[in-house]
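For reference, the structure discussed in these notes is given below.
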Amino acid sequence: MPPPDLSRWTAGNCGIAGVHHFEATLPGPHVALTALMHGNEYSGAHVLADLLTRNIRPHRG
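According to UniProt numbering, the sequence shown is numbered sequentially starting from 1.
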């Protein structure tokens, strides 16, 4: 399976290339997601692309 095309999200949304920051209106735990830490492992990148494409956002945190 080839890597997904993440080029539409490389600018990020918080002034740091490739970094996206989302906040919920309710307090709660924080989470960090990473992908492509080891350049040949694409599963995390596919999950990340799916979350960004589907506009999944936290309900808390």
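All residues carry an ideal CB built from backbone N, CA and C; glycine is no exception.
- In the DSSP annotation of this structure, residue 32 is not part of any alpha helix (DSSP H), being labelled neither H nor E.
- At a Cβ-Cβ threshold of 8 angstroms, residue 36 and residue 45 count as neighbours.
- Take residue 60, set aside five residues on each side of it, and the residues of its chain with a beta-carbon closer than 6 angstroms to its own are 24, 26, 28, in chain order.
- The DSSP-derived three-state label of residue 60 is strand.
- Taken through DSSP and simplified to helix, strand or coil, residue 53 comes out as helix.
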